[in-house]
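Residue numbers (this note's numbering): -14 to 184.
C-beta atoms are modelled at their ideal positions from N, C-alpha and C, and glycine is treated no differently.
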């Protein structure tokens, strides 16, 4: 499998914290955070994260309603775990601060040898969407099929635009071209996962 995984730089963005005693979290605007991948001590694999003012937040949970997302974020805050909320295509994501996180070294998108990346073809269902979606599993994360394009540079351009909108994106090479897959944080597997497929 060929995987092209874009990495975005961390910007010195203003930190937006919840006021003491407040019962709500505001939703971060897309310009207020950067997407990235980080390593944290208790996780063997890198995890998707957002960066705000040099602090990293890993994905905790996704909810359809803003009220539910704010309630969860408020409970985390009360437990001493600072959290943030961002908008997803299917709802809202709650991110929790990871004080020991380290950002992966930035690298340019490149073609990786097949043995270095594995993905598991599968089908998923996303809450509040009735359709069964074609997907891949990478580690413990699911990505739904978004589009297939003919040229690698078209795939990279589309990936950059999607990343700028806050989507986690992976590109795989197929016999039909280059497939773009979008991270689905709230996805559930629709059937048992088959054996891993090498590109």
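Do residue i and residue j have their C-beta atoms within less than 7 Å of each other?
{"i": "residue 23", "j": "residue 34", "result": "yes"}
{"i": "residue 66", "j": "residue 108", "result": "no"}
{"i": "residue 52", "j": "residue 76", "result": "no"}
{"i": "residue 172", "j": "residue 105", "result": "no"}
{"i": "residue 113", "j": "residue 58", "result": "no"}
{"i": "residue 73", "j": "residue 42", "result": "no"}
{"i": "residue 140", "j": "residue 167", "result": "no"}
{"i": "residue 44", "j": "residue 82", "result": "no"}
{"i": "residue 119", "j": "residue 130", "result": "yes"}
So if DSSP puts residue i in a beta bridge, which residue, or which two residues, is it bridged to?
{"i": "residue 22", "result": "33"}
{"i": "residue 69", "result": "80"}
{"i": "residue 38", "result": "In DSSP, residue 38 forms no bridge with anything."}
{"i": "residue 152", "result": "DSSP, once it has assigned bridges, lists no residue as partnering residue 152."}
How far does the alpha helix (DSSP H) with residue i in it extend, from its first residue to its last?
{"i": "residue 145", "result": "137 to 149"}
Would residue i be called buried (16 or more neighbouring beta carbons within 10 Å of its own) or exposed?
{"i": "residue 153", "result": "buried"}
{"i": "residue 195", "result": "Nothing about residue 195 can be reported from this structure: the residues present for the chain run from -14 to 184 only."}
{"i": "residue 169", "result": "buried"}
{"i": "residue 64", "result": "exposed"}
{"i": "residue 133", "result": "exposed"}
{"i": "residue 145", "result": "exposed"}
{"i": "residue 6", "result": "Caution applies to residue 6, whose pLDDT of 35 falls short of 50 and renders its modelled position unreliable; the value that the coordinates give is listed next. Label assigned to residue 6: exposed."}
{"i": "residue 160", "result": "exposed"}
{"i": "residue 61", "result": "buried"}
{"i": "residue -3", "result": "The predicted position of residue -3 is uncertain, since its pLDDT is 34 and thus under 50; a value taken from the coordinates is nonetheless stated next. Exposed, by the Cβ-count rule."}
Which residue comes first and which comes last in the beta strand (DSSP E) that contains residue i?
{"i": "residue 117", "result": "Counting along the chain, residue 117 falls outside any beta strand (DSSP E), and DSSP gives it neither H nor E."}
{"i": "residue 191", "result": "The chain is shown from -14 up to 184; residue 191 falls before or after that span and cannot be answered."}
{"i": "residue 167", "result": "162 to 168"}
According to DSSP, is residue i part of a helix, a strand, or is it coil?
{"i": "residue 52", "result": "helix"}
{"i": "residue 103", "result": "coil"}
{"i": "residue 157", "result": "strand"}
{"i": "residue 59", "result": "helix"}
{"i": "residue 15", "result": "helix"}
{"i": "residue 134", "result": "strand"}
{"i": "residue 172", "result": "coil"}
{"i": "residue 10", "result": "coil"}
{"i": "residue 28", "result": "coil"}
{"i": "residue 87", "result": "strand"}
Any heavy atom of the ligand MN closer than 6 Å to the Cβ of residue i?
{"i": "residue 83", "result": "Looking for the ligand MN in the displayed structure turns up nothing, as the structure carries no ligands at all."}
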